[in-house]
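I have placed the structure first, in the form of structure tokens, so that the comments after it can refer back to it.
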Amino acid sequence: MHITFRQLTVLEAVARNLSYTKAAEELHLTQPAVSMQIKQIEESLGLPLFEQIGKKVFLTEAGNEMYTYCRSIQQQLSEAEHVIENLKGVKQGKLTIAVASTANYFAPKILAAFNKEHETVKIDLDVTNRHGLVEHLQKNDTDVVIMGRPPAEMDLEAEQFMQNPLVLIASPDHHLVNKQNISIQDLQKETFIIREEGSGTRTAIEKFFREKGAPLETTINMSSNEAIKQAVQAGLGLGIVSIHTLELELELNRLVVINADEFPILRNWYIVYRKGKRLSPIALAFKNFLLNHARELWKLSA
Ligand code: PGA
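Under the numbering used here, the residue at position 97 of the sequence shown is numbered 100, and the numbers go up by one with no gaps.
Right, here's the structure in full:
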């Protein structure tokens, strides 16, 4: 069967009006043009759709069946049109986002504020380390990613929206607390509790000490910022974490930020997606919201 959408529209109009003349008027066509279209459909189907008795037009059984399908196809199309229109207007749809485990200390606050302005938008958030984020970017299965330094080997769009200082933390009774002029070499001898392989924070710390010619000697791995903070509080060693992971620990004097030479390690947060990707209207709205409000929202919650 080979029928065009235009022919279905003609068929629907003739069947609804039971008149070639009225259908022609409605569609701004001539009456012979309408008859020709119907004839072509009948030829393609191999069955007549209408019969004319006297001056009256009747639907055949095949005509009735086709009329039902025509209406349902038109209805589906108009639904599709509606959904697409809504997508254009950021009223409906989904924001799929993946954020670094470290960024998850501020990302939910930003998402909550964004959601207040776009209440009908569904949000799908994945929290993973840098390694997981690179996989998301490779598969291109999220709208946007929030991460530290974007991987240089990939073709990406990346916009920086906030600083991400990594600070040195210790328990309040650590021997380095209140010491002045702590050098990188002094630190090298300490035990450090650092994130798992695949973490962006870990990579940045390793790079920092390597570049200073003082790679860390003793490290203990932990797979979350929370675990690191607990271990540092318990006196297991020093930690280096993003300032964003510190909530009430400083106020409650459970942890202390130590001023050592060249600290904090300065990093930034980026919103990242594949070059050439066409962001949905919702993703675009979120990106603009983040670029405009992230710093102020973070200050409010800090
Ligand atoms: P992570 O994230 O340490 O939680 O992997 C930080 C980053 O992407 O650099």
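Glycine residues also receive a C-beta, built at the ideal position from the N, C-alpha and C atoms. Predicted model only: the values in this text are computed from it and were never measured.
Determine the burial state of residue i: buried for a count of at least 16 other Cβ atoms within 10 Å of its Cβ, exposed for fewer.
i: I56; result: exposed
i: E82; result: exposed
i: Y72; result: exposed
i: G92; result: exposed
i: R133; result: buried
i: N143; result: exposed
i: F109; result: buried
i: A26; result: buried
i: I120; result: Position check: residue 120 holds Glu in this sequence, whereas Ile was assumed. Exposed, since its Cβ has fewer than 16 Cβ neighbours within 10 Å.
i: L52; result: buried
i: N167; result: buried
i: I87; result: exposed
i: T204; result: buried
i: L114; result: buried
i: H247; result: buried
i: F269; result: For the record, residue 269 in the displayed sequence is Leu; it is not Phe. When all chains shown are included, L269 counts as exposed.
Starting from the C-beta of residue i, find all residues in its chain whose C-beta is less than 8 Å away, skip the five residues before and the five after it, and write them out in chain order.
i: K97; result: V124, K125, I126, D127, I285
i: A305; result: Low per-residue confidence applies at A305: pLDDT is 44, beneath 50, and the placement is therefore not dependable, though the value from the model is reported in the following sentence. Result list for A305: empty, nothing under 8 Å.
i: I185; result: L179, I261, N262, A263, D264
i: R74; result: E15
i: Y273; result: I149, M150, G151, R152, P153, A161, E162, Q163, F164
i: R298; result: F164, M165
Taking DSSP as the reference, what is the three-state secondary structure of residue i?
i: K25; result: helix
i: F266; result: coil
i: L258; result: coil
i: I208; result: helix
i: R298; result: helix
i: I6; result: coil
i: R277; result: strand
i: L293; result: helix
Could you name the residues of the same chain whose beta carbon sits closer than 7 Å to that of residue i, not counting the 5 residues immediately before and after it, in chain order?
i: L219; result: Q191, F195, F212
i: S104; result: V130, T131, N132, S227, N228
i: E252; result: K232, L258
i: V13; result: A26, L30, V37, Q40, I41
i: T222; result: F195, I197
i: G66; result: A18, L52, F53
i: F117; result: F289, F292
i: Q77; result: E15
Comparing the C-beta of residue i with each C-beta of chain D, is any distance below 9 Å?
i: L241; result: Any reference to chain D falls outside this structure, which holds one protein chain only.
Spatial neighbours of residue i within its chain, please: C-beta separation below 6 Å, excluding the five flanking residues on both sides.
i: E29; result: A16
i: F266; result: L171
Can we say the stretch 174-181 touches the stretch 252-266, given the rule of at least three CB pairs closer than 8 Å? Pairwise C-beta distances place the stretch 174-181 in contact with the stretch 252-266, as three or more of them are shorter than 8 Å.
Curious, which full-length beta strand (DSSP E) runs of at least 3 residues does the stretch 37-115 contain? 53-56, 59-62, 97-103
Can you give, in chain order, each stretch of the alpha helix (DSSP H) that sits fully within the stretch 215-255 and has at least 4 residues? Taken in chain order, the unbroken stretches of alpha helix (DSSP H) that lie wholly in the stretch 215-255 and span 4 residues or more are 228-236.
Return the chain-ordered ranges of every alpha helix (DSSP H) run that is complete within the stretch 156-193 and spans a minimum of 4 residues. Every alpha helix (DSSP H) of 4 residues or more that sits fully in the stretch 156-193 is shown, in chain order, as 187-191.
With a threshold of 8 Å, are at least 3 pairs of Cβ atoms found where one atom belongs to the stretch 157-164 and the other to the stretch 279-295? yes
Using 8 Å as the threshold, is the stretch 235-244 in touch with the stretch 195-202, meaning 3 or more CB pairs across them? Contact holds: three or more Cβ-Cβ distances are below 8 Å.
Scan the stretch 125-156 and note each continuous beta strand (DSSP E) run of 3 residues or more that stays entirely inside, going in chain order. 125-131, 147-150
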